[in-house]
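Input: a single structure, listed below in structure tokens.
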Amino acid sequence: MTYTAPLDDMRFVLDEIAGLSEIAGMPGYEDATPDLVDAVLGEAGRLANEVLAPLNHSGDREGLGFENGVVRTPKGFREAYQQYVESGWNSLPFDPDYGGQGLPWALSTAVTEMWNAANMSFALCPLLNQGAVDLLETHATEEQKQTYLTKLISGEWTGTMNLTEPQAGSDVGALKTKAERNGDHYLITGQKIYITWGEHDYTDNIVHLVLARLPDAPAGTKGISLFIVPKFLVNADGTAGPRNDLRCVSLEHKLGVHASPTCVMAYGDNGGAVGYLVGEENNGMACMFTMMNNARLAVGMQGVAIADRAYQQATAFARDRVQSRAIGSSDPKATAIIQHPDVRRMLMTMRAGTEAMRCIAYLNAAEIDRAHRHPDATVRAKSDARANLLTPITKGWATELGCNLTSLGVQIHGGMGFIEETGAAQHYRDARILPIYEGTTGIQALDLLTRKLLRDGGETARGLIEEMLETLAQVSASEDTRVSTLAAPTIEQIRSLAKSTESLLKTGAEDMVTAAAAATPYLNLFGTVVGGWLLCKSALTASAKLASGEGNSLFYDAKIKTARFYLDNILPQASGYAAAIEGAESVMAMDEAQF
Ligand SMILES: Cc1cc2nc3c(=O)[nH]c(=O)nc-3n(C[C@H](O)[C@H](O)[C@H](O)COP(=O)(O)OP(=O)(O)OC[C@H]3O[C@@H](n4cnc5c(N)ncnc54)[C@H](O)[C@@H]3O)c2cc1C
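Per full-length UniProt numbering, residue 1 is the first one in the sequence shown, and the count goes up by one each step.
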């Protein structure tokens, strides 16, 4: 049940796919030198491997304590959080003016992968906090930043995200929590459910970011405002003061992430919790989208992380478990199951899928860095659009695939996979939340279709497809036949993506119901093809490294073999998704009464 952060793979994707050295040349990112990047990855790997990973299974088994509104985290979690904060990990990508280290999001995303692979329950607290910081950096007043941001960046306090209510899940616009003006602040009353790390014993304050509605607000998402609602009101000297009128009513009992408190929160039982407006009244959704986009990429990263953890565990098991003679072997002795072709198929699926997802997620983060810091405004705008396009794909595709791959991890273990003591079952259970929270896959697919495809008439998608074809022209021209032969099947699927994109643009203009029915297959098609593109790019680089005799030849050889496996075994699924897009009309053919 150990975890070893795959530092070489991470470094490869950061360098060759995300373009970290180019990012490090941008104003404000100069500190991200190759030596510093190595040091950050190495030290984060140590904390993940040695401190967080050993608490993963025990945290799952022990779970959380809850008494009189107080949450007790499992043994070792509080100390691990202190160590994490004292080592400065909480502040990696944030504004140096408020105590951050100002490092690129691409690097921070790789580090996030380690926390989540090591211990997803633990990592959820910093994940939500990171979104809260991003939101406040972007939308808070200077006074709010001085009061809250510095402590959230240092990790002295933690932040939460409060959208969901019993009647308002995917439909955030249906929320009813009330905010009433009361002098220089607002009074908040209402109930929020499923609030991750809404209460805990790590820190002496928790800063809740709460969506609520003013009495005269318009209906729907246009009438939502955003508030900072601290658990303890803040004294003039910046310390935590009197208790605010809010409490954790209960904890949910869940399928997975047992060490992450999922809280029902009551605001204003005694007259109203004090809240401070962020941004303008009725503009809360725009502010919250900063946090949601940040968290969506991070949750996509959780899909990569949990798949890699499950892959490492399944590989170790497959080397160890002995069953049956190897097919074609003259040796009568039973062999380790890693010799059996079907087990190999599962391991390779896990490996190739995880590597493809990692490429997409790091590229997504790198586009955010370019959008923030590239000196050329045209590049910034293009990268911003591209990051926006990739975010629902990373979130939707990597989390669905993460579930499938952890399921394969269980399968490789046979019966032991179903038995909790191996830990394979925990990865499978923990992964299952990923396609649900931060917007379900269905919601990501609609976001991709409506906001990212239809809104700009397909311009960003076409630009990305063009770039994919440019890479494939280089792949095709490679002198290494192991690489050049990757080109034809990939180009075919990229063209298929282009065709489906045009077809969906047309359907979207004429018949939104059918377009919506095609949205999830389109998201999966996009993810599968982008994964193929990026693995081809990896293989091209690996081949060049092999030719120059640079680095670890086994590592680069494996990159080419992994790309080949992906193209032969995973990329063909794209044809199925394209067919489903064409056949989307049948989705709504049946009357509701026929169900
Ligand atoms: C462990 C956990 C942690 C969470 N953490 C937080 C948190 O910290 N903060 C927070 O605010 N919330 C949190 N949530 C809530 C989470 O974001 C919601 O559960 C999620 O957005 C889905 O909402 P819902 O559960 O109401 O499902 P519903 O919205 O009822 O969805 C049910 C089904 O209908 C589909 N559906 C709904 N509307 C549409 C539509 N328009 N088009 C197509 N399909 C649709 C969905 O895809 C889904 O399959 C958490 C939930 C869990 C379980």
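The C-beta atom is built at its ideal place from N, Cα and C for all residues, glycine as well.
Does the Cβ-Cβ distance between residue i and residue j come in under 8 Å?
i       : j       : result
Ala-517 : Val-410 : no
Ala-352 : Leu-449 : no
His-185 : Tyr-276 : yes
Ala-125 : Gly-198 : It should be noted that the sequence gives Cys, not Ala, for residue 125. Going by C-beta atoms, Cys-125 is not nearer than 8 Å to Gly-198.
Gly-272 : Ile-188 : yes
Ala-365 : Ala-106 : yes
Val-210 : Lys-192 : yes
Asn-49  : Ala-5   : yes
Leu-251 : Met-265 : no
Asp-269 : Arg-78  : no
Ala-179 : Ala-219 : no
Ser-543 : Ser-478 : yes
Gly-256 : Trp-397 : no
Leu-103 : Ala-32  : yes
Leu-128 : Glu-137 : no
Ile-17  : Ser-538 : yes
Leu-454 : Leu-505 : yes
Gln-444 : Leu-571 : no
Ala-578 : Leu-523 : no
Thr-441 : Ser-170 : no
Gly-59  : Ala-259 : yes
Arg-325 : Ala-336 : no
Val-299 : Thr-399 : yes
Cys-403 : Ala-431 : yes
Ile-195 : Thr-160 : yes
With DSSP collapsed to three states, give me the class of residue i.
i       : result
Ser-58  : helix
Met-301 : helix
Asn-116 : helix
Lys-75  : coil
Ser-108 : helix
Lys-151 : helix
Glu-165 : strand
Thr-262 : strand
Phe-66  : strand
His-374 : coil
Leu-103 : coil
Glu-355 : helix
Phe-227 : strand
Lys-192 : strand
Phe-232 : strand
His-185 : strand
Pro-176 : With the sequence shown as reference, residue 176 is identified as Lys, and Pro is not the correct amino acid for it. The answer is coil: DSSP assigns Lys-176 none of H, G, I, E or B.
Thr-141 : coil
Ala-212 : strand
Trp-463 : Note that residue 463 corresponds to Gly in the displayed sequence, not to Trp. Helix at Gly-463.
Thr-158 : strand
Ser-170 : coil
Val-51  : helix
Lys-28  : This sequence places Gly at residue 28; Lys is not what is there. In this structure, Gly-28 counts as coil in the three-state DSSP scheme.
Pro-6   : coil
Gly-238 : coil
Quick one: measure Cβ to Cβ for residue i and residue j, integer angstroms, because I've assumed they're closer than 8 Å.
i           : j       : result
Leu-175     : Ile-224 : 7 Å
Thr-203     : Ala-307 : The pair is not a contact, with the Cβ atoms about 31 Å apart (cut-off 8 Å).
Asn-162     : His-208 : 5 Å
Ile-412     : Phe-317 : 6 Å
Val-475     : Ala-461 : So it is not a contact: roughly 21 Å between Cβ atoms.
residue 596 : Arg-482 : The question about residue 596 has no answer here: the residues shown for the chain are numbered 1 through 595.
Met-346     : Ala-310 : About 11 Å separates the two Cβ atoms, so there is no contact after all.
Val-529     : Leu-497 : 5 Å
Ala-123     : Ala-53  : Going by Cβ atoms, the distance from Ala-123 to Ala-53 rounds to 11 Å, so no, they are not a contact pair.
Gly-100     : Ala-356 : In fact, because the Cβ distance is near 31 Å, the residues do not count as touching under 8 Å.
Val-304     : Ala-361 : 5 Å
Val-111     : Val-51  : No, Val-111 and Val-51 are not in contact; Cβ-Cβ is about 14 Å, not under 8 Å.
Ala-387     : Glu-367 : 4 Å
Pro-74      : Gly-88  : Going by Cβ atoms, the distance from Pro-74 to Gly-88 rounds to 24 Å, so no, they are not a contact pair.
Val-274     : Leu-233 : 6 Å
Kindly say whether residue i, judged by its beta-carbon, lies nearer than 8 Å to any beta-carbon of chain C.
i       : result
Val-257 : Absent from the structure: chain C. Only one protein chain is present.
*With a floor of 4 residues, list each alpha helix (DSSP H) that falls wholly inside the UniProt domain "Acetyl-CoA dehydrogenase-like C-terminal" (465-591), ordered by position along the chain.*
481-484, 487-510, 512-517, 519-548, 553-569 and 573-582
*Which full runs of the alpha helix (DSSP H) of 4+ residues lie inside the segment 386-461, going along the chain?*
Segments of the alpha helix (DSSP H) lying fully in the segment 386-461: 415-418, 424-431 and 441-447.
*What are the uninterrupted segments assigned as alpha helix (DSSP H) that are 4 or more residues long and contained completely in the segment 266-336, given in chain order?*
284-320
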